[in-house]
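Each residue of the sequence shown is one higher than the one before, starting from 3 at the first, in my numbering.
Here the structure is laid out as structure tokens; the discussion comes afterwards.
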Amino acid sequence: MPPSAGPGDPVLRFDRVGFAYDLANPVLQDLSFELCRGEIVAIAGESGCGKSSVLRLASARYGAVAGVVELFGRPEPQWDLAALRDRMAYATQEPFLLDGSILDNVCCSLPGDPADPQVRERVYRVLSNVGLAPFIDDLPRGMDTPVGELGSHLSGGQRQRIALARALYRGALLLLLDEAASALDGPAEASLLQLLSTLPGHPAILTVAHRLSSIRHADRILVMQSGCIVEQGSHEQLMAAGGVYADLVASQAREGES
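Dropping the structure here:
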């Protein structure tokens with residue numbers, strides 16, 4: 003098993019990491035950063051800069067071609083993949099939902115009887131953590147409401163929130179969010195990230211989002227260009243610096259995305 007990590011302890015570390023799907027065309031170059039429990043780190047940058055590739059390495063789906071990726075204090079050669087994946091969750095903008103109830107889609111990530119009152123209480127709690135309690139409370143069948151095939155009875159934002167609730171239900175210590183709330187509007191996406199920052203389990207969160215307005219409350223923002231980190235800091239620090247991030251924010255504001 004990976005060593006345990008308490009609040010504030012490093013969960014993920016990149017040390018001069020390089021990566022390529024095709025060795026002739028590097029995607030990530032000399033990437034270094036650290037993510038600790040209880041911290042939200044966001045990755046910003048234009049399309050194609052390598053944001054999603056960082057998440058794929060962080061989720062142990064690919065291995066680095068240079069440098070070291072550490073998860074829960076252990077470098078890649080020492081990873082127990084099954085144990086690692088029990089402690090992390092990877093949510094994308096197109097989540098997969100079962101043709102069952104809302105309850106089924108959340109509690110399926112762990113063994114347990116959906117009829118057990120303790121299971122139901124825990125499911126409702128994580129649904130509240132992602133802002134779905136008012137929606138659930140308004141449904142005649144509550145959490146027992148069928149979602150339809152692939153979640154067809156739900157909006158895109160509701161599907162994404164349920165997928166996040168499923169990740170929280172597992173008790174993951176590392177959440178990797180790749181445009182995982184993109185179906186929400188900007189204020190709702192930002193509000194969801196703030197909700198996640200208050201989770202009692204203090205998971206580490208690494209998130210990629212196109213709308214920069216949704217990540218301004220992250221503890222730290224990594225700004226990428228051509229596979230490299232060119233700036234990092236809080237939203238306020240990066241705006242004051244007037245560099246790449248500030249230009250991206252201004253560009254989105256002109257497009258009406260802020």
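All residues carry an ideal CB built from backbone N, CA and C; glycine is no exception.
If you check the CB distance, Ala66 and Ile223 do not come in under 8 Å.
The residues Arg213, Leu214, Ser215 and Ser260, in chain order, have a CB closer than 8 Å to that of Gln254 in the same chain once the five nearest residues on each side in sequence are set aside.
Straight through space, the alpha carbons of Ala243 and Ser111 are spaced by roughly 43 Å. In the structure shown, the three-state DSSP call for Ala174 is coil. The residue among Gly114, Asp139, Leu198 and Pro97 with its C-alpha nearest the C-alpha of Gly159 is Pro97. About 4 Å separates the beta carbons of Gly47 and Met226, which is inside the 8 Å limit, making them a contact pair. Three or more pairs of CB atoms, one per stretch, sit closer than 8 Å, so the segment 123-134 contacts the segment 187-197. For Leu14, the closest alpha carbon among the candidates Arg89, Leu37, Ala117 and Asp249 is that of Leu37. Restricted to the segment 141-192, the beta strand (DSSP E) segments that are unbroken, complete and at least 3 residues in length are 176-180, listed in chain order. Tyr247 is the residue among Ser228, Tyr247 and Val71 whose C-alpha sits nearest the C-alpha of Gly235. Selection Ser103, Ala167 and Gly20 evaluated against Gly153 yields Ser103 as nearest (Cα-Cα).
In this chain, the alpha helix (DSSP H) harbouring Tyr126 covers Pro119 to Asn131. As the crow flies, the alpha-carbon of Asp221 is around 6 Å from that of Glu41. Excluding its 5 nearest sequence neighbours in each direction, Asp11 has C-beta neighbours in its own chain below 7 Å: Cys38 and Arg39, listed in chain order.
If you check the CB distance, Leu208 and Ala60 come in under 8 Å.
Under the three-state reduction of DSSP output, Pro202 falls in the coil class, being neither helix nor strand. In the three-state reduction of the DSSP assignment, Ala255 falls in the helix class. Taken in chain order, the unbroken stretches of alpha helix (DSSP H) that lie wholly in the segment 30-86 and span 4 residues or more are 53-60.
According to the DSSP assignment, Gln239 belongs to the alpha helix (DSSP H) that extends over His237 to Ala243. Nearest C-alpha to Arg168 among Ser184, Asp88 and His219: Asp88.
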